[in-house]
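Notes follow once the structure below has been shown.
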Amino acid sequence: MDKRVFFDKVLSSNSFSFFLPATLIRYFPYLRFPTFLFYQFSMYDIQAILASTPSFLRIYIEQVAEGDIFTSLSAQLVSLPQFYRALPEDRLTFSYADGKWTPKDILLHLVDAERVFAYRAMRFGRGDSAELVGFDENIYVPAAQANTRNLDSLLEEFEAVRCANLLLFASFSEEQLWQTGLASGFPASVLGLMYAIVGHGVHHLKVIESRYLI
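Put into structure tokens, the structure is as follows:
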């Protein structure tokens, strides 16, 4: 199915509106028709994506379940906030060792990293051949001061960034999704970065479960 041929489905059903955070629906009522959920139904070869992805991103891609990447990106809009809202209040700012991040730090780190990955995907998808520099999360996290913010504001930021990125990714043609570029000295594809966004979240939630909830 061509991902641009979806309007009949969107207009005939809003059954997927439960995927959308209530906050976004309140501020952006048109999102009750989450068109991005119908943009893409293609199944991609994970091995082909891994082959064009640097090793430091492969560990995240390997965390993503088989299936449509657009569905995975959309589903995480629900699963990640649910996970965080279920955490005990005292765990949100807990660190299991000196110098380790708190769950709030991790959440804002996921948002920052997604912004960077999506920016790289946008550059690659637009055919930009310039090499992109890396970033240092160990500088970003303390500067972000996530522990001074309430959970609702952090989750709203995550939701807004993810919805914007879903619309960006859905705008790419099939050819653009497979385009590659250089970042941090390594090649990566648009699809690889999309999978890495999902897998990065999965990875960190597993860390929280194993290190912060014992």
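Numbering (our numbering), first residue to last: 1 to 214. Note that CB positions come from ideal geometry on N, CA and C, so glycine has one too.
Checklist entry - Can you tell me whether ASP112 is buried or exposed, with buried defined as 16 or more other CB within 10 angstroms of its CB? => result Buried: at least 16 other Cβ atoms inside 10 Å.
Checklist entry - Which whole runs of the alpha helix (DSSP H) in the segment 142-191 are 4 residues long or more, in chain order? => result Within the segment 142-191, the alpha helix (DSSP H) runs of at least 4 residues that lie entirely inside it are, in chain order, 151-170, 174-177.
Checklist entry - Do you know offhand how far ARG149's Cα is from PHE158's? => result Roughly 13 Å separates the two Cα atoms.
Next on the checklist: For the pair the segment 160-172 and the segment 64-81, tell me if three or more CB-CB distances fall below 8 Å.
Outcome noted: The answer is yes - the segment 64-81 touches the segment 160-172, with three or more Cβ pairs under 8 Å.
Checklist entry - Residues in its own chain within less than 8 Å of LEU205 by CB, not counting five upstream and five downstream? => result If you ignore the 5 residues before and after LEU205, its C-beta comes within less than 8 Å of the C-beta of LEU80, PHE83, all in its own chain and listed in chain order.
Next on the checklist: What does the Cβ neighbour count give for ARG85, buried or exposed, with the cut at 16 atoms within 10 Å?
Outcome noted: Note on ARG85: under 16 other CB atoms within 10 angstroms of its CB, so exposed under the neighbour-count rule.
Checklist entry - Taking the continuous alpha helix (DSSP H) assigned at SER74, which residues delimit it? => result Segment 69-85, the alpha helix (DSSP H) holding SER74.
Item to check | Pick from LYS100, PHE186, MET194, SER184 that is closest to LEU177, judged by C-alpha positions | outcome: With respect to the C-alpha of LEU177, the residue from LYS100, PHE186, MET194, SER184 having the closest C-alpha is MET194.
Checklist entry - How should VAL133 be labelled, buried or exposed, when 16 other C-beta atoms within 10 angstroms of its C-beta is the threshold for buried? => result Burial call: exposed.
Checklist entry - For the putative contact between VAL141 and ASP105, defined by C-beta atoms under 8 Å, what is the C-beta separation to the nearest angstrom? => result With 8 Å as the limit, VAL141 and ASP105 qualify as a contact, their Cβ atoms being about 5 Å apart.
Next on the checklist: Let me check one thing: in DSSP terms, what residues is LEU132 bridge-paired to?
Outcome noted: The secondary-structure analysis by DSSP pairs LEU132 across a beta bridge with ALA183.
Checklist entry - Nearest CA to the CA of ALA75: which residue from ILE214, VAL116, VAL202, GLU209? => result ALA75 has its Cα closest to that of VAL202, out of ILE214, VAL116, VAL202, GLU209.
Item to check | Of the residues ALA130, LEU108, GLU114, VAL190, the one placed nearest SER153, counting alpha carbons only | outcome: Put simply, of ALA130, LEU108, GLU114, VAL190 the residue whose alpha carbon is nearest the alpha carbon of SER153 is LEU108.
Checklist entry - Alpha carbon to alpha carbon, how far is ILE139 from LEU151? => result ILE139 and LEU151 have their C-alpha atoms roughly 21 Å apart.
Item to check | ASN165 versus ILE214: straight-line alpha-carbon distance, rounded | outcome: C-alpha separation (whole angstroms): 34 Å.
Checklist entry - Is the distance from the Cβ of LEU57 to the Cβ of GLY185 below 9 Å? => result Cβ atoms of LEU57 and GLY185: not closer than 9 Å.
Next on the checklist: On the criterion of 16 or more Cβ atoms from any shown chain inside 10 Å, does PRO88 qualify as buried, or is it exposed?
Outcome noted: Exposed, by the Cβ-count rule.
Checklist entry - For the alpha helix (DSSP H) that contains LYS100, what are its first and last residues? => result Where LYS100 is concerned, there is no enclosing alpha helix (DSSP H), given that its DSSP letter is neither H nor E.
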